[in-house]
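Scroll down for the structure; my scribbles are underneath it.
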Amino acid sequence: MSIKNLSLLFLFPFLFSCSIIKHKDISYLVEDSKNTVKNEEVPSMNIYQPKIKKGEKSPVLIYVHGGNWNSGKKEYYNYFGKNFARKGVLTVIPGYNLSPAANYDEMTKQIAEAISWVQENSSEYGGDVSRIYLTGHSAGGHLVALATLNPKYGIAEESIAGIILNDAGGLDMHSYLLKNPPTEESNYISTWTENPENWKDASPIYFLSEKSPKFKIYLGKKTYKSIDVSVRKFTVELKEFQPNIKLDMINKRHIPMILQYFWSSSNRYDEILEFMEE
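According to UniProt numbering, the sequence shown is numbered sequentially starting from 1.
Given below as structure tokens:
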């Protein structure tokens with residue numbers, strides 16, 4: 001056998017063990033919800049399925065992207081889905097309609113429907129429905145937290161095994177918008193409305209309780225001041241119910257907090273996998 005063929009022989013099992021199956025553009029909205037946001041494309045999700053042994057089940061991680069509630073696409077985060085799937089995690093990345101076409105409530109309803117779809121269907125992809133975790137960066141962190149904590153969205157908090165917030169925005173929009181009323185800049189009037197009652201309804205911090213899933217919270221040391229303030233406040237409020245919660249401070253700016261996942265060797269992967277095993 002040649003050296004070349006011998007190398008391929010050893011390489012093949014490695015490549016096979018790292019291979020995944022990507023399921024693109026899976027519809028997750030129930031029929032009645034598909035025309036809620038008019039003249040907008042119906043959102044879908046990508047699923048990154050790990051190769052696992054027959055009879056085994058994978059933990060499930062739903063990642064929601066950020067983008068100030070008015071930008072971003074699920075397709076930008078293939079690296080996130082592939083890297084987690086290669087580490088044995090069934091990873092789901094839903095898209096959602098953005099502002100100004102959709103407001104925070106419509107976005108959160110869509111994310112809640114994505115979570116419900118995963119709860120009902122992830123077992124078909126080898127997922128363990130008793131180990132569903134949520135994560136999001138920036139606006140995505142806000143949406144996964146709000147969809148889970150605000151009871152109006154219908155997600156049973158005990159059905160979520162844990163939430164990982166990555167430099168999350170919007171955790172206390174009520175306090176922020178009282179000091180900085182929304183304008184048309186960044187479509188904030190469209191996103192949040194001009195009604196302070198809606199701002200409170202949009203703020204996950206007001207729905208924390210003893211029923212809240214366990215959290216892991218990352219905060220960039222060089223992030224935006226508004227994010228720093230709200231994440232720290234959220235963590236203080238959460239301590240009442242989860243006394244051992246702490247901030248994981250990372251020496252990065254806001255965007256690099258998600259770009260770090262491009263490298264599969266990032267320490268964040270092992271940290272999150274450990275959190276999922278606790």
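The beta-carbon is built from N, C-alpha and C at its ideal position, and this holds for glycine as well.
Practice task
With DSSP as the reference, label Asn-46 as helix, strand or coil.
Solution key: For the purposes of this step, residue 46 is taken as the residue at position 46 of the sequence shown. Asn-46 falls in the strand class under three-state DSSP.
Practice task
Assess, as a yes-or-no matter, whether the region 120–130 is touched by the region 51–63 under the definition of 3 or more beta carbon pairs within less than 8 Å.
Solution key: yes
Practice task
Could you tell me the distance, in whole angstroms, from the CA atom of Ala-147 to the CA atom of Ala-85?
Solution key: Translated into the one-based positions of the sequence shown, residue 147 becomes position 147. Translated into the one-based positions of the sequence shown, residue 85 becomes position 85. So the alpha carbons of these two residues sit roughly 24 Å apart.
Handout entry: Per-residue DSSP class, three states only, for residue 280
Key = No answer is possible for residue 280: it lies beyond the span of the chain, which begins at 1 and ends at 278.
Practice task
Take Ser-123 and list the residues in its own chain whose beta-carbon comes closer than 7 Å to its own, dropping the five residues that flank it on each side.
Solution key: The residue labelled residue 123 in the question sits at position 123 within the sequence shown. Excluding sequence positions up to five before and after Ser-123, its CB lies within less than 7 Å of the CB of Val-129, all in the same chain and listed in chain order.
Exercise for the section: Assign Pro-204 to one of three DSSP states: helix, strand, or coil. Expected result: Translated into positions along the sequence shown, residue 204 becomes position 204. In the structure shown, Pro-204 sits in a helix (DSSP, three-state: H, G or I).
Handout entry: Sufficient close CB pairs (3 or more, under 8 Å) joining the region 179–191 to the region 97–105
Key = yes
Exercise for the section: Could you tell me if Thr-135 is buried or exposed, where buried requires 16 or more neighbouring beta carbons within 10 angstroms of its beta carbon? Expected result: Position 135 of the sequence shown, counting from 1, holds the residue named residue 135. Result: buried.
Problem - Neighbour-count burial assignment, Gly-154, 16 or more Cβ in a 10 Å radius - result: As a first step, residue 154 must be located in the sequence shown, where it is residue number 154. Around the C-beta of Gly-154, fewer than 16 other C-beta atoms lie within 10 Å, and the residue is accordingly described as exposed.
Practice task
For Asp-201, count neighbouring Cβ atoms within 10 angstroms of its own Cβ and tell me buried if that reaches 16, exposed if not.
Solution key: Taking the sequence shown and counting its residues from 1, one reaches residue 201 at position 201. Classification of Asp-201: buried, given that the 10 Å Cβ count is 16 or more.
Problem - Own chain, CB closer than 7 Å to Tyr-224, minus 5 neighbours either side, in chain order - result: What you label residue 224 is simply residue 224 of the sequence shown in a count that begins at 1. Once the five neighbours on either side are set aside, the close Cβ partners of Tyr-224 are His-254.
Exercise for the section: Could you tell me if Asp-172 is buried or exposed, where buried requires 16 or more neighbouring beta carbons within 10 angstroms of its beta carbon? Expected result: Within the sequence shown, numbered from 1, the residue matching residue 172 stands at position 172. The residue is buried, with at least 16 neighbouring Cβ atoms inside 10 Å.
Problem - Among Met-276, Asp-105 and Lys-73, nearest to Pro-213 - alpha-carbon criterion - result: Here residue 213 is taken as the residue at index 213 of the sequence shown, counted from 1. Pro-213 has its Cα closest to that of Met-276, out of Met-276, Asp-105 and Lys-73.
Exercise for the section: Pull up the distance between the alpha-carbon of Lys-239 and that of Ile-205, whole angstroms please. Expected result: Taking the first residue of the sequence shown as 1, we reach residue 239 at position 239. Taking the first residue of the sequence shown as 1, we reach residue 205 at position 205. For Lys-239 and Ile-205, the distance between alpha carbons rounds to 12 Å.
Practice task
Using three-state DSSP, classify Tyr-63 as helix, strand or coil.
Solution key: Taking the sequence shown and counting its residues from 1, one reaches residue 63 at position 63. The answer is strand: DSSP assigns Tyr-63 an E or B state.
Practice task
Go ahead and pull the three-state DSSP assignment for Phe-241.
Solution key: As a working note, residue 241 is residue 241 in the sequence shown. The answer is coil: DSSP assigns Phe-241 none of H, G, I, E or B.
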